[in-house]
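This is the structure:
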């Protein structure tokens, strides 16, 4: 009953968090940003039964796509509704992983309560994030999206939880070890960033613990499982090399580490400059301080593992991101999710009268349930908000029965919402097929008769003799219709 109550209250926290994100400018990333739509586009492509020849980044989004496709099949919702439902599921999955980290229920401990507090702290951080920019130093709210590594976040926390459970267990049951290997293999296969976020930090922490730990053999075994499963995951990517348009190796530019440090420092300054950003940073700072305290006061190996991971994981990732000269805030997400693990490192029952604990829990539960109920209409309103400009484009394209094209940041949102997404081909400004986070099969049509553009569209370089017969005004979009004239699509690149 206690575990069920925990899941119900976690759902309420998830609704509150998603409601706050959906009701802020951050909703741009949730429903409309070109980068954020790849999982929904892939799911639609799979369900349509069309030939699949996707050009992906180094991330294959396997768990995310499977979850989104399942939600799309079972829920009677449109695309935005499924995106909103997916956001709630992502936060619920994070709760499940945190609950695993908190350890088993036993006298004197309250793992469910502390897991809810940890999820609440994470949700509170997300609620302080209100920028529409994908590059803002606002990391917790990215967990609500389908694209920014939500499954990898959950997998890292799961890995920490499984390692803790194995260290805490007296029996030698292989089930936990097998589960750990599967999580690491699938996560590495789907997203190699799991190596930097999860495998390397946890192996290093285990190495530190193994210096004096009595369970040295078990620690060595866990390190071997982590490294072996990660290697197997990387090998499993080889048959899918045709889908991986960019391995990500080019993102590492160690010689630019100073530029990287200045870039992230600038984003930190922007975050501090706003009151909500300052609150978010104070939450993170307090959790990191708690993690250090938990490390010094830890009483057993599992507790020490979680406490060290809560501060070492963000430290290693930030140092690594700067050392490699990266310029992408999404790589720093351990700064948002790892510190909350400090709250479940030692989830002991507070030393207060039992009656006071029960009353406090009851009041908190009622507040969360009311908050979740109030947030649900807010999510529905955000997901169903009319977009006349988008509808103008999709209605015209659907009715035309023809195939057109548009550039990456312009075309992806209309493409997702078409009855047949292949009617819009993703191209560059020279009309060469742009094979990036899209089904390459779309470009097989060979030629198009109209172009969709908006303020993000780079000026076209078309043959001077080609003039549109009509320009359809769709608010922030416009459609350049060339009628019976056909524009050839050039060779694909990524």
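Numbering (this note's numbering), first residue to last: 7 to 500. Even for Gly, the Cβ is constructed at its ideal location relative to N, Cα and C.
Taking the C-alpha atoms as reference points, what is the distance between residue 451 and residue 391?
-> About 33 Å.
When the Cα of residue 385 is compared with those of 168, 30, 16 and 440, which residue comes out closest?
-> Selected option, being the one with the closest Cα: 30.
Residue 461 in three-state terms, based on DSSP | Here residue 461 carries a coil assignment [DSSP, helix/strand/coil].
Below 8 Å between beta carbons: does that hold for residue 485 and residue 399?
-> In contact: residue 485 and residue 399 (Cβ atoms closer than 8 Å).
Is the distance from the Cβ of residue 436 to the Cβ of residue 460 below 8 Å?
-> No, the Cβ-Cβ distance between residue 436 and residue 460 is not below 8 Å.
Nearest-angstrom Cα distance between residue 210 and residue 163?
-> Counting only the Cα atoms, residue 163 lies some 16 Å from residue 210.
C-beta contact flag for residue 32 and residue 136 at 8 Å = Result yes, Cβ atoms of residue 32 and residue 136 sit closer than 8 Å.
Counted within 10 angstroms of its Cβ, other Cβ atoms place residue 14 as buried (16 or more) or exposed | Residue 14 comes out exposed.
Contact check, residue 331 vs residue 266, beta carbons under 8 Å = Contact flag set, yes.
Nearest-angstrom Cα distance between residue 283 and residue 277?
-> Going from the Cα of residue 283 to the Cα of residue 277 covers about 5 Å.
Tell me whether the beta-carbon of residue 151 lies closer than 8 Å to the beta-carbon of residue 42.
-> Inclusion of residue 151 and residue 42 in the CB contact set at 8 Å is warranted, their separation being smaller than that value.
With a 10 Å radius around its C-beta and 16 neighbouring C-beta atoms as the bar for buried, classify residue 361 as buried or exposed.
-> Residue environment: residue 361 is assigned as exposed (fewer than 16 neighbouring CB atoms within 10 Å of its CB, all protein chains considered).
Through-space distance from residue 469 to residue 379, alpha-carbon basis = Approximately 56 Å, taken between the alpha carbons.
Are there 16 or more other CB atoms within 10 angstroms of the CB of residue 319, so buried, or fewer, so exposed?
-> Answer is buried; the Cβ neighbour count reaches 16.
Would you kindly check if the distance between the Cβ of residue 432 and the Cβ of residue 145 is under 8 Å?
-> No. Outside cutoff.
How is the alpha helix (DSSP H) around residue 174 delimited, first residue to last?
-> Here the alpha helix (DSSP H) through residue 174 covers 156-174.
Report all residues from its chain with a CB closer than 6 Å to the CB of residue 238; omit the five preceding and five following residues, and keep chain order.
-> Its chain contains 191 as the residues whose beta carbon lies nearer than 6 Å to that of residue 238, once the 5 sequence neighbours on both sides are disregarded; these appear in chain order.
With distances taken Cα to Cα, identify the nearest neighbour of residue 393 among 316, 420 and 442.
-> Per the C-alpha coordinates, the member of 316, 420 and 442 positioned closest to residue 393 is 420.
Report the rounded CA-to-CA distance for residue 101 versus residue 464, giving the unit in angstroms.
-> Approximately 42 Å between the Cα atoms of the pair.
If we count Cβ pairs, one from each stretch, closer than 8 Å, do we get three or more for the segment 44-55 versus the segment 233-249?
-> Taking one beta carbon from each stretch, the segment 44-55 and the segment 233-249 have fewer than 3 pairs nearer than 8 Å; the two do not touch.
Pull up the distance between the alpha-carbon of residue 355 and that of residue 22, whole angstroms please.
-> So the two alpha carbons sit approximately 26 Å from each other.
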